[in-house]
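Take the sequence shown: its position 99, counted from the start at 1, is 101 in our numbering, and no numbers get skipped. Below is one structure, written out as structure tokens, with a few remarks after it.
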Amino acid sequence: MADKVFQSTKIDNAENATNNFFFLDANVRVNYRPDDSNSFSLSAIYIDNDLDYLVMDMDSSQSFNDLMAIENEGYSARWDAKWSDKVRQRTQLSFSRYRFSYKFLTFENDEQIREFQKLNAIYDTSVSSEVEINTHDENDLSFGYQYGLKDVSYAFRDTADLDFILDADQNVINTHSIFANYSLRAARRFEFRIGLRTNYYLELDMIRFEPRLLFQKGIFKNVKLQFSGEIKNQIISEIDETVLSDLSLENRLWRLANGEAFPIINSWQVSAGIIYTNKGWSLDIDQFYKKIDGISALSLGFLNPDDAQFHIGEREVLGLDFYLKKDFRPFKTWLSYSFSNAKSKFDGLNDNNDFISSTNIRHSVTTSVAFRKKQFQIALAWHWRTGKPFTKGIIPSDPNGSVEFIGINGERLPSYHRMDISTTYDFYFSTDKKVKGKIGFSIRNIYDQENQLSREYFGNNNLDDPIRIVNKFSLGFTPNFLFRASL
Numbered sequence: 003m004a005d006k007v008f009q010s011t012k013i014d015n016a017e018n019a020t021n022n023f024f025f026l027d028a029n030v031r032v033n034y035r036p037d038d039s040n041s042f043s044l045s046a047i048y049i050d051n052d053l054d055y056l057v058m059d060m061d062s063s064q065s066f067n068d069l070m071a072i073e074n075e076g077y078s079a080r081w082d083a084k085w086s087d088k089v090r091q092r093t094q095l096s097f098s099r100y101r102f103s104y105k106f107l108t109f110e111n112d113e114q115i116r117e118f119q120k121l122n123a124i125y126d127t128s129v130s131s132e133v134e135i136n137t138h139d140e141n142d143l144s145f146g147y148q149y150g151l152k153d154v155s156y157a158f159r160d161t162a163d164l165d166f167i168l169d170a171d172q173n174v175i176n177t178h179s180i181f182a183n184y185s186l187r188a189a190r191r192f193e194f195r196i197g198l199r200t201n202y203y204l205e206l207d208m209i210r211f212e213p214r215l216l217f218q219k220g221i222f223k224n225v226k227l228q229f230s231g232e233i234k235n236q237i238i239s240e241i242d243e244t245v246l247s248d249l250s251l252e253n254r255l256w257r258l259a260n261g262e263a264f265p266i267i268n269s270w271q272v273s274a275g276i277i278y279t280n281k282g283w284s285l286d287i288d289q290f291y292k293k294i295d296g297i298s299a300l301s302l303g304f305l306n307p308d309d310a311q312f313h314i315g316e317r318e319v320l321g322l323d324f325y326l327k328k329d330f331r332p333f334k335t336w337l338s339y340s341f342s343n344a345k346s347k348f349d350g351l352n353d354n355n356d357f358i359s360s361t362n363i364r365h366s367v368t369t370s371v372a373f374r375k376k377q378f379q380i381a382l383a384w385h386w387r388t389g390k391p392f393t394k395g396i397i398p399s400d401p402n403g404s405v406e407f408i409g410i411n412g413e414r415l416p417s418y419h420r421m422d423i424s425t426t427y428d429f430y431f432s433t434d435k436k437v438k439g440k441i442g443f444s445i446r447n448i449y450d451q452e453n454q455l456s457r458e459y460f461g462n463n464n465l466d467d468p469i470r471i472v473n474k475f476s477l478g479f480t481p482n483f484l485f486r487a488s489l
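This is how it looks when you write it as structure tokens:
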């Protein structure tokens, strides 16, 4: 497992190194239905990743120790009530906790001389209740309330002779939200949905509105036109500090908006498309434009060694989604294609000019065929996409020099492609059919394609070779087994 996770990182390439890795993933769900009008469910999930990686430089009597721990846990309770044939209510309570800790320790002659530390913690609590009213066979109305509390903290610390806090923050935001949605349908020829969500952020004393709209109109017997638009707001955002960490496993932390230096992220999107359905054929073509304001980046010397600060910016995305499906029992086939052109712009970076976003995948194709016979199912899928953008760097001949970067995201990695296969079988453990089981087997990347995911530049633990290129690759041929039992 560790070899797969750390493939082509410094852990995979280092010599004189010891690596201890631990991973745990557990989840449970309980459903209870006392009568036809009420149902209850409880669920919990826990994920733990721990790493202890030690590398020694025999020539300098120095050693370097990476210690990383990532812990996720979540709990939820849900109650669905049917008050009448036309009125239903859904109430949910959830809590999640994310904790991240990373330390990079430097030893000389077995004595610790430096410690760099990154910490991140997120506590998220939510309570919501929604009422759905079917006012007519062609009309639906829903409304509700949600309370959310987010407590987010992070810190960068560097300890040598003195203890320096490079950056730290801890914020709490209580959010009160009310929302309503209304939909109208008319004989499959017309559909109209409208909704509004209003958020009040207590600590920021700010109100944000999130309207959404969807309109479908049949223009021919099997053809519909569709238009949609929405506005969204987000109070939590990522800190991208790729270059600061010498361990290329987890370099994204999270922080809350404060309404000033770190604004609430605001996005709006509009789309238009066409839908065709006839005799098992389905065709959906959708073109969209999305604008995001208030995103942040932490440069930490990525483009300027003297620039260690946050930059606020925006992102624009122009895209096209194509989806084609054909059902002819017992087979199902589908093909999807996506085009995306995403550009980012940050104050103080790249001379305030826009550049290709690092997450931009220009072209992506996925196709699949599935066969189902009673309880047995098998599916084959193939994925292809253009490579991710990356910033090309020139390694200096001077071991103590700095990498010279050429623009931002001006190059692309090789194209990515793989084929997967999966099969499942459903059964009951006894004739009373009270306990249902499922077994499955799948293979990811059947032909063991080596797909490059990223190229990064890191300082090396070996003092004689401080800078090097790190290429990360996806998993190769990977079999998986599945077993599930449910009541």
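A virtual CB, placed ideally from N, CA and C, is assigned to each residue, including glycine.
Three-state secondary structure (DSSP) of residue i
{"i": "Asn355", "result": "coil"}
{"i": "Gly321", "result": "strand"}
{"i": "Lys334", "result": "strand"}
{"i": "Arg92", "result": "strand"}
{"i": "Pro36", "result": "strand"}
{"i": "Asp349", "result": "coil"}
{"i": "Glu262", "result": "coil"}
{"i": "Asp490", "result": "Shown here, the chain extends from 3 to 489; a query on residue 490 therefore has no answer."}
{"i": "Phe312", "result": "strand"}
{"i": "Lys6", "result": "Reliability of the predicted coordinates at Lys6 is poor, the pLDDT of 42 falling under 50, and the value obtained from them is presented with this limitation in mind. If DSSP states are grouped into helix, strand and coil, Lys6 belongs with the helices."}
{"i": "Thr361", "result": "coil"}
{"i": "Arg495", "result": "Residue 495 lies beyond the range of the chain shown here (3 to 489); nothing can be said about it."}
{"i": "Phe479", "result": "coil"}
{"i": "Tyr449", "result": "coil"}
{"i": "Ser230", "result": "strand"}
{"i": "Glu413", "result": "strand"}
{"i": "Ile49", "result": "strand"}
C-beta contact flag for residue i and residue j at 8 Å
{"i": "Thr480", "j": "Asn447", "result": "yes"}
{"i": "Tyr430", "j": "Ile441", "result": "no"}
{"i": "Trp270", "j": "Ile297", "result": "no"}
{"i": "Ser65", "j": "Phe109", "result": "yes"}
{"i": "Ser41", "j": "Asp87", "result": "no"}
{"i": "Phe290", "j": "Phe333", "result": "no"}
{"i": "Thr388", "j": "Ile363", "result": "yes"}
{"i": "Glu205", "j": "Val154", "result": "no"}
{"i": "Asp171", "j": "Arg257", "result": "yes"}
{"i": "Gly344", "j": "Val319", "result": "It is Ala, not Gly, that sits at residue 344 in the sequence shown. It is a contact, given that the beta carbons lie within the stated cut-off."}
{"i": "Ser359", "j": "Arg317", "result": "yes"}
{"i": "Gln94", "j": "Arg80", "result": "yes"}
{"i": "Ser43", "j": "Arg31", "result": "yes"}
{"i": "Leu255", "j": "Tyr156", "result": "yes"}
{"i": "Phe443", "j": "Thr425", "result": "yes"}
{"i": "Ser185", "j": "Asp139", "result": "no"}
{"i": "Asn235", "j": "Ile267", "result": "yes"}
{"i": "Ser2", "j": "Glu75", "result": "This structure cannot speak to residue 2, because the chain is shown only from 3 to 489."}
Separation of residue j from residue i, as counted between CA atoms
{"i": "Gly350", "j": "Asp295", "result": "16 Å"}
{"i": "Ser239", "j": "Lys347", "result": "16 Å"}
{"i": "Arg420", "j": "Asp288", "result": "26 Å"}
{"i": "Asp323", "j": "Leu107", "result": "47 Å"}
{"i": "Ser338", "j": "Leu477", "result": "23 Å"}
{"i": "Asp59", "j": "Ile72", "result": "27 Å"}
{"i": "Lys474", "j": "Ser456", "result": "5 Å"}
{"i": "Ser342", "j": "Trp386", "result": "14 Å"}
{"i": "Gly439", "j": "Phe483", "result": "14 Å"}
{"i": "Tyr55", "j": "Thr20", "result": "6 Å"}
{"i": "Trp1", "j": "Arg35", "result": "In the structure displayed, the chain extends from 3 to 489; residue 1 sits before or after that span and is not available."}
{"i": "Glu117", "j": "Asn67", "result": "9 Å"}
{"i": "Gly395", "j": "Trp336", "result": "40 Å"}
{"i": "Tyr418", "j": "Asp112", "result": "44 Å"}
{"i": "Tyr149", "j": "Lys292", "result": "27 Å"}
{"i": "Leu227", "j": "Phe194", "result": "12 Å"}
{"i": "Glu262", "j": "Leu216", "result": "33 Å"}
{"i": "Lys390", "j": "Asn352", "result": "19 Å"}
Span of the beta strand (DSSP E) around residue i
{"i": "Trp85", "result": "Looking at the DSSP string, Trp85 is not in any beta strand (DSSP E), and its letter there is neither H nor E."}
{"i": "Thr368", "result": "His365 to Lys375"}
{"i": "Val437", "result": "Element bounds for Val437: n/a, residue is neither H nor E."}
{"i": "Tyr430", "result": "Tyr418 to Tyr430"}
{"i": "Arg214", "result": "Met208 to Phe222"}
{"i": "Ile396", "result": "Pro391 to Ile396"}
{"i": "Thr279", "result": "Ile267 to Asn280"}
{"i": "Phe378", "result": "Phe378 to Arg387"}
{"i": "Asn111", "result": "Note, Asn111: premise wrong, no beta strand (DSSP E); not H, not E."}
Any chain C beta carbon closer than 8 Å to residue i
{"i": "Asn201", "result": "This model lacks chain C altogether, as it is built from one protein chain only."}
Near the ligand SAH: residue i beta-carbon under 7 Å from a heavy atom
{"i": "Lys436", "result": "In the structure shown, the ligand SAH is absent, as is every other ligand, since no ligand is present at all."}
Q) Would you call the stretch 273-283 and the stretch 320-340 in contact, with 3 or more CB pairs under 8 Å? A) The stretch 273-283 makes contact with the stretch 320-340: 3 or more CB pairs, one atom from each, lie closer than 8 Å.
Q) Do the stretch 219-234 and the stretch 167-181 touch if we need at least three Cβ pairs shorter than 8 Å? A) Output reads no: the stretch 167-181 does not touch the stretch 219-234.
Q.
Three Cβ pairs or more, each shorter than 8 Å: is that satisfied between the stretch 93-111 and the stretch 123-134?
A. With the cut-off at 8 Å, the stretch 93-111 and the stretch 123-134 touch.
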